């Protein structure tokens, strides 16, 4: 503010201030760009994930249609001998049951898991939702107890089924599922109910105040219904090992 | 009102920066932030130099360039060693900026007090009435602070 001496310092300080403004402006732009880029990256990942899944689904569906067509053709063509046909059809049904391609019913348990709605304000909301691990562990416990067929919210669990977490949804058979999760399992009701009761995941959810329940049916009941697996099995990389008996069932 | 010119320059610099917005690579963020700090440090150092009457434009600009280059080299070395060495530069610039700011504040406040013919005795900053210029009074500011 010493105006008398102004000319002495003015040029250098003006240049300095100009540079400061320039750098400041660039830095602010860059920081904004970084923020934008990180946000974009997240959504891009999710979008590409969804696109991939949809492409995967479409591919699987067309594959499934082809396989079904093929199966029909095989059945039609194998009518050379009546006994052979029934034998093969029986075998086919058995294999389809094992592969999870048929809807089934029988005794078992229904486990219902839902998100905990009583969220404490300020607490981590992640602690109040059902995670994919919860489903996975209970499914494992059910399998361990001899469950013969399992479905979650109408999605049949087959050999190729995944239970995975994408963002804030759970994918099973590449289908997005939302709570409440209803796990239906066919098997010995007592054994299955026991397994769920002893399951640490179930216990933990119960103790944490989640609205979970497990209901076993009567041993002779056909109350539990498990739908067929509607997806397909990827066989892109598969080549069956040559076997002696050229017997093809499915 | 001459001091308004650098402030205008600052605004023009910001505007120029938004006009000349080219695609700045992301890795530049670190170095640019150091450059901003170095420039801010230099500006404040310059203002302080004006008050202390030892302002030298060449020293100021060369100081800015060498500081910025050194800090950038340090940051680069830190990147290679995966140590956040650029934090050291940020730290040093930060301290210098605060020091310069507090010095400038001292000059402004005591200059203001002088002009209004009041003694800052209560604050214990200037216990004796000096006959010299503002600068002389202020040169003792820190010493009296310590005392």
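Residue numbers (this note's numbering), protein chains in the order written: chain A, 1 to 250; chain B, 1001 to 1147.
Just so it is clear, CB atoms sit at the ideal spot from N, CA and C, and this is done for glycine as well.
These figures come from a predicted structure and were not determined experimentally.
Three-state secondary structure assigned by DSSP to residue i
{"i": "residue 24(A)", "result": "helix"}
{"i": "residue 39(A)", "result": "helix"}
{"i": "residue 14(A)", "result": "helix"}
{"i": "residue 83(A)", "result": "helix"}
{"i": "residue 177(A)", "result": "strand"}
{"i": "residue 215(A)", "result": "strand"}
{"i": "residue 151(A)", "result": "strand"}
{"i": "residue 184(A)", "result": "strand"}
{"i": "residue 171(A)", "result": "strand"}
{"i": "residue 1130(B)", "result": "At residue 1130(B), the pLDDT of 43 sits below 50, so the modelled position is not reliable; the number obtained from the coordinates is stated separately. It is coil, neither helix nor strand."}
{"i": "residue 159(A)", "result": "coil"}
{"i": "residue 224(A)", "result": "strand"}
{"i": "residue 1147(B)", "result": "In this prediction, residue 1147(B) has a pLDDT of 41, which is less than 50 and means its spatial position is unreliable; nothing more can be read from the coordinates."}
{"i": "residue 166(A)", "result": "strand"}
{"i": "residue 240(A)", "result": "coil"}
Whole-number beta carbon distance between residue j and residue i, since they are thought to touch under 8 Å
{"i": "residue 1090(B)", "j": "residue 1034(B)", "result": "7 Å"}
{"i": "residue 10(A)", "j": "residue 1005(B)", "result": "6 Å"}
{"i": "residue 142(A)", "j": "residue 130(A)", "result": "The Cβ separation is near 16 Å, so there is no contact."}
{"i": "residue 177(A)", "j": "residue 153(A)", "result": "5 Å"}
{"i": "residue 216(A)", "j": "residue 189(A)", "result": "4 Å"}
Proximity winner among the options, relative to residue i (alpha-carbon distances)
{"i": "residue 29(A)", "options": "1052(B), 1059(B), 1014(B), 1072(B)", "result": "1014(B)"}
{"i": "residue 128(A)", "options": "53(A), 135(A), 117(A), 134(A)", "result": "117(A)"}
{"i": "residue 1059(B)", "options": "1051(B), 1045(B), 1074(B)", "result": "1045(B)"}
{"i": "residue 72(A)", "options": "60(A), 83(A), 89(A), 62(A)", "result": "89(A)"}
{"i": "residue 275(A)", "options": "222(A), 217(A), 180(A)", "result": "It is not possible to answer for residue 275(A), since the shown part of chain A is limited to 1 through 250."}
{"i": "residue 1030(B)", "options": "1054(B), 1061(B), 1085(B)", "result": "1085(B)"}
{"i": "residue 1049(B)", "options": "1068(B), 1114(B), 1115(B), 1104(B)", "result": "1104(B)"}
{"i": "residue 13(A)", "options": "1017(B), 1109(B), 1055(B)", "result": "1055(B)"}
{"i": "residue 228(A)", "options": "46(A), 199(A), 216(A), 103(A)", "result": "103(A)"}
Outcome for residue i when other beta-carbon atoms lying within 10 angstroms are tallied against a minimum of 16
{"i": "residue 1042(B)", "result": "buried"}
{"i": "residue 165(A)", "result": "exposed"}
{"i": "residue 1124(B)", "result": "For residue 1124(B), the predicted model reports a pLDDT of 46, less than 50, meaning its position is unreliable; a value from the coordinates is still stated below. Classification of residue 1124(B): exposed, given that the 10 Å Cβ count is below 16."}
{"i": "residue 93(A)", "result": "exposed"}
{"i": "residue 1019(B)", "result": "exposed"}
{"i": "residue 1112(B)", "result": "exposed"}
{"i": "residue 27(A)", "result": "buried"}
{"i": "residue 161(A)", "result": "buried"}
{"i": "residue 243(A)", "result": "exposed"}
{"i": "residue 23(A)", "result": "buried"}
{"i": "residue 183(A)", "result": "buried"}
{"i": "residue 68(A)", "result": "exposed"}
{"i": "residue 100(A)", "result": "buried"}
Residue i CB to nearest heavy atom of the ligand ATP below 7 Å
{"i": "residue 190(A)", "result": "Within the structure as shown, the ligand ATP is missing, as the structure has no ligands at all."}
Enumerate, from N- to C-terminal direction, the unbroken beta strand (DSSP E) stretches of 3 or more residues contained entirely within the stretch 92-131 of chain A. 104-106, 108-113
Please list the segments of the alpha helix (DSSP H) lying wholly inside the stretch 1040-1097 of chain B, counting only runs of 4 or more residues, in order along the chain. 1057-1081
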